[in-house]
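Here the structure is laid out as structure tokens; the discussion comes afterwards.
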Amino acid sequence: MTTNETRSRLIALALMAAGSTTISFGGLVIRNIEQADEWQLVFYRALGMLFSVTVLLTIRYRRHTIFRLRDIGWPGVFGAMLVAIASISFVQSVAHTTVANALFMLCAIPFISAGVARFFLKEALPWRTVITMAIAAAGVAVMLGEGVGAGSIFGNVMGLLTAISFGSYAVIVRWRRNVDMLPTLIVSSLIIMTAGAVVSGGQLDVPLRDIALCLLWGGVLSGFSNWMFIVASRKLIAAEVTLVMLLEFVFGPLWVWLFVDEVPTRLTLIGGSLVISAVLFRALAELRSAGPD
32 MTTNETRSRL IALALMAAGS TTISFGGLVI RNIEQADEWQ LVFYRALGML FSVTVLLTIR
92 YRRHTIFRLR DIGWPGVFGA MLVAIASISF VQSVAHTTVA NALFMLCAIP FISAGVARFF
152 LKEALPWRTV ITMAIAAAGV AVMLGEGVGA GSIFGNVMGL LTAISFGSYA VIVRWRRNVD
212 MLPTLIVSSL IIMTAGAVVS GGQLDVPLRD IALCLLWGGV LSGFSNWMFI VASRKLIAAE
272 VTLVMLLEFV FGPLWVWLFV DEVPTRLTLI GGSLVISAVL FRALAELRSA GPD
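All you need for our numbering is the position in the sequence shown, starting with 1, plus 31.
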């Protein structure tokens, strides 16, 4: 690997870390919603996402934006469906269990993604990734052992569905690395908004404060992090992408602990520390490889 290639991979890792940290505030946003139910929430969140992604694409491609939407093809449409499922099921999971417990289930994403990528894309796993995945797995095991029993069955199932959906989407983005997959978020937003409007029976009248929070979450937090995720995925294999995404699952419980007093347990903190250590080890290994031979 050349120095430029290594530098590009380091930038991609940094983008993934920043995106994961940004999106980790999603649970805190949900906990601050006053009246909107789950389907109203996903509707306005998707509306914010639709606006931000459309603006980004228009700035980048101008009148060619519609062609970039066409370029995603059927794989992009399938990916959009996966994102829609992941978005809806995540909100349902957080609504029916603690933020920490919902995020514990999402820690399975790296392993789902790695398995799918290995099976369909025949991607090898570098030894650094294998080691850090093992460390992360230990952290996940600690957190799951403490947290799974604390949530409802429905909340856990929804969390697992989120992990499966997003882990599979990560592989599609990696597979279509030469195509800008950001337009898939336009399609997924339209799917989510349709589902939210239908299931809520068109009852979308909620307090302005709730709408503002949902738009912030979808338009700024999610839009920003998903853009970085797609950009970074072109330089990293699927397992590396989703490994760094574990930062979201550590910081998410931390924010609700600090700001709404939803306190994680001691084992949660221990497991989270292991996951963070795995991410740091991976980043340090890349920094070392970027130096002179």
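Glycine included, each C-beta is placed from N, C-alpha and C at the ideal position. Just so we're clear, the structure is a prediction, and the values are computed from it rather than from any experiment.
Checklist line | Beta-carbon contacts of Ile103 that lie in its chain and below 7 Å, excluding the five residues immediately before and after | finding: Val210, Met212, Pro214 and Thr215
Next item on the list: Answer with buried or exposed for Asp241, where buried requires no fewer than 16 other C-beta atoms within 10 angstroms of its C-beta.
Entry: buried
Next item on the list: Determine, using beta-carbon pairs with one atom in the segment 164-174 and one in the segment 299-313, whether at least three such pairs fall under 8 Å.
Entry: yes
Note to self: Counting C-beta neighbours from all protein chains within 10 Å, is the total for Val202 16 or more, i.e. buried, or is it exposed?
What the structure shows: buried
Notebook entry, point to check: Does the segment 89-102 touch the segment 156-169, meaning 3 or more C-beta pairs lie closer than 8 Å?
Noted result: no
Check: Ordered along the chain, which non-local residues of its own chain (more than five positions away) have a Cβ less than 6 Å from that of Ser196?
Finding: Leu113, Ile116 and Ala117
Check: For Glu36, does the three-state DSSP call read helix, strand or coil?
Finding: helix
Check: How should Gln123 be labelled, buried or exposed, when 16 other C-beta atoms within 10 angstroms of its C-beta is the threshold for buried?
Finding: buried
Notebook entry, point to check: Using the C-alpha atoms, what's the distance from Glu154 back to Ala48?
Noted result: 22 Å
Check: Is Gly198 near Val147, with beta carbons less than 8 Å apart?
Finding: yes
Checklist line | Residue range of the unbroken alpha helix (DSSP H) whose run includes Pro141 | finding: Ile140 to Phe151
Check: Is Leu81 near Ile222, with beta carbons less than 8 Å apart?
Finding: no
Margin query: Could you check if Ser39 belongs to the surroundings of the ligand FAD, using beta carbon to heavy atom distance under 7 Å?
Written below: Only the bare structure without any ligand can be found here, which leaves the ligand FAD out of the picture.
Item checked: Of the listed residues Arg207, Ile140 and Asn132, nearest to Phe109 (C-alpha basis) -> Arg207
Note to self: Buried or exposed, going by whether 16 or more other CB atoms sit within 10 Å of the CB of His95?
What the structure shows: exposed
Next item on the list: Return the first residue and the last residue of the alpha helix (DSSP H) that Ile61 is part of.
Entry: Gly57 to Arg62
Check: Beta carbon of Phe74, beta carbon of Gly227: below 8 Å?
Finding: yes
Check: Would DSSP call Val237 helix, strand or coil?
Finding: coil
Check: What three-state label does DSSP hand Val275 in the structure shown?
Finding: helix
Next item on the list: Answer with buried or exposed for Trp105, where buried requires no fewer than 16 other C-beta atoms within 10 angstroms of its C-beta.
Entry: exposed
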